[in-house]
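One structure is given here, and the rest of the page talks about it.
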Amino acid sequence: MLNQTVIEEIKTRNNIEDVISSYVRLSRAGKDLKGLCPFHSEKTPSFHVHPAEGYFHCFGCGAGGDVITFVMRAENLAYPEALEYLAKRAGINLPLDYKDGRKGEVDRSTVTAMNKEAARYFHACLMDEKTPAGLEYLQKKRGFSTALIRRFGLGYAPGGWGLCNHLKAKGYSYEQMMAANLVLKSTKRENSYYDVFRDRVMVPIFDPAGNVVAFGGRLLGDGQPKYLNSSETAAFRKSKTLFALNFAKDYCAERMILCEGYMDAMALHGAGFPSAVATLGTAITSEHARVMSRYTKSVVICYDTDEAGQKAADKAFRVLSEVGLEARILRVEGAKDPDEFIKKSGAPAFARLIDKSKSRFEFKLEKIFSKYDVATVDGKIKALDEISALIAEFPSSVERELYIAAVSKKLEVAQKALTEDVERILRKNRSRQKRAYSEEILRKTEGYADRVNPQVMGNVASARAEEAILGILLLREDVAQRALKEGLLYPELFVTDFNKRVFSRIAELTAEGQTPDTGLLGAYFTPEEMGRIVEMRLARSTLTDNGYAVLTTCVDRLKNGEKKSENSPEDIRAIIEKKRKGR
Ligand SMILES: [Zn+2]
């Protein structure tokens, strides 16, 4: 493990404000900064950065930590990889042997190196005359040029033991291959392994930096499943990976095209639309949307024309607007998908479709008008009902006003009447949201959602005393040293396992002469747990008295505490609700 000096150096040279600013738009709030949380969906900012102390914390979802924790979460990295990432960012050279503590684990860089080797093997098979099926499919069925095939590094997986043997020869173990999801263990024969991808056209999936993080495979013969993607690994998370972003990122500052699948995205790149990306066998998530918002301002959704595609497009609209992206929808006319359209009508016609793409409001309005005959009174009333509900979905009042004006003119109804309808729906939605929120609080107070420390439930008073102790230890090195030297604190004192674990780690680090700073603790706790640890420290830092006397009081409370008197669930609910309101 790295020593404290190097970690300190990494943290000092990676200013938390700078690092987080490249992910989140931050605005000043007193001595702190705030913005929309990148780890949960929200409309009002509850994500705070405290530059002076080097911490971030979200009051909405409890995420928190230092710059290292932030990078772990934002880039989906393990602790040592996050250090590596930040060291690289600041131009610090890390000692080569620092990874020694992690033997046996298969990390992200091993997976991507192995994937790169596999991609080379698949590509060689594609070009091999002995196995022509893959190339034939790509050229004849898909109309892909050799240049396109090379650019995307496409390949062919013949199956059997080809890849197994190839990777074995390159020095990889079967455990590593299984961790990368490239190889499976036979259930019939002992110590026998075989390739996951067989008789498939192989599409490497790159991260924005160009590492191969996973594969998609399209079956050539009959059988199921037609499309098979790598399962999640240390290097691959479906819910935030976008296919072709490594290429699109240089062309999409103004506009990005979102397709349903990688075949569509590649067809668009081939036709001269290099800003196309695709999700991988899943609907778009808010994580995807947040990734996109780092590269572009506006997204054109270009899904299949069937009903499933249109439903998915509507969801994409919502998810994209929630992160502040301008979303538009492109309707392919006379073809089932963009690929077929371009083959029939050509690239210039497709470019015109992009320019004609519609906003969500225009798109939905068109649908409503096609459903009802607004020349009749009955049709008009029904259409207006749906239109009011649609307008109420837009968070901006300016936008709502503009739509109300446009619709009332078009349908010849009084603007005031339509405004009242929309207001009524808004009020109804708000009270529904409020109800959902208080239900969530209740659920949390019942302990279901406290994944970090489930034992808080039933031990509220003790847990609070423990949190106060830990907060002080993290904040006041001098007090910590004295308390540990005098034997005031010891692990058995702690009632909840999580807090006991935090304490033991702090005590160990202090005994080794190191400062139990979050940079060092990050190696032993998950980002979620780090959020709680930072919360404890921040809670104390807003109070003036964090001296030895407070520690003694807390210790007394733990010793004589609630072992005698258990709190009733009602008490717990009241206490936690009070605590939440106090924030
Ligand atoms: Zn959050």
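Here the numbering used here is used: the first residue of the sequence shown is 23, the next is one more, and so on. Heads up, the beta-carbon is just placed ideally off N, CA and C, and yes, glycines get one too.
At least one heavy atom of ligand 1 lies less than 7 Å from the C-beta of Gly82. Shortest Cα-Cα distance from Phe219 to any of Ser208, Thr209, Ile227 and Leu204 involves Leu204.
Exposed is the label assigned to Ala169, since fewer than 16 other Cβ atoms lie within 10 Å of its Cβ. Comparing alpha carbon positions, the residue from Leu412, Lys365 and Ser367 closest to Glu388 is Leu412. In summary, Asn213 is exposed, with fewer than 16 beta-carbon neighbours lying within 10 Å of its beta-carbon over all protein chains present.
When the alpha-carbon of Thr518 is set against those of Val71, Glu488, Gln536 and Glu534, the nearest one is in Glu488. Three or more pairs of CB atoms, one per stretch, sit closer than 8 Å, so the segment 488-503 contacts the segment 524-531. Remark: C-beta atoms of Thr263 and Val235 approach each other more closely than 8 Å. With a threshold of 16 other beta carbon atoms within 10 Å, Glu514 falls short and is exposed.
In this model, Lys319 and Arg498 are separated by some 45 Å (Cα to Cα). Given a length threshold of 3 residues, each whole run of the beta strand (DSSP E) inside the segment 32-86 is given here in chain order: 49-51, 54-57, 69-72 and 77-80. Rounded to whole angstroms, Val572 and Ile279 show a C-alpha spacing of 58 Å. In this structure, the C-beta of His62 approaches ligand 1 to less than 7 Å from one of its heavy atoms.
Contact between the segment 184-197 and the segment 222-234 is absent: fewer than three C-beta pairs spanning the two stretches fall below 8 Å.
For the pair Leu511 and Val577, the CB atoms are nearer than the 8 Å cut-off. Nearest C-alpha to Met288 among Leu55, Ala270, Ile376 and Thr304: Ala270. When DSSP assignments are scanned along the segment 329-383, the uninterrupted stretches of beta strand (DSSP E) that are 3 or more residues long and fall wholly within it turn out to be 348-351. Not a single heavy atom of ligand 1 lies less than 7 Å from the C-beta of Ala141.
Ser320: member of the beta strand (DSSP E) spanning Ser320 to Cys324, first to last residue. When C-alpha distances from Tyr194 are compared across Gly175, Thr134, Leu242 and Gln503, the shortest belongs to Thr134. Per DSSP, Leu573 is not a residue of any beta strand (DSSP E); the alpha helix (DSSP H) it occupies stretches across Tyr570 to Asn582. For His145 against Gly165, the beta-carbon gap comes to about 19 Å, at or over 8 Å, which does not count as contact. Under the three-state reduction of DSSP, Ile114 is assigned to coil, being neither helix nor strand.
Excluding residues up to 5 positions away in sequence, Phe383, Arg422 and Tyr425 lie with their Cβ nearer than 8 Å to the Cβ of Phe416 in the same chain.
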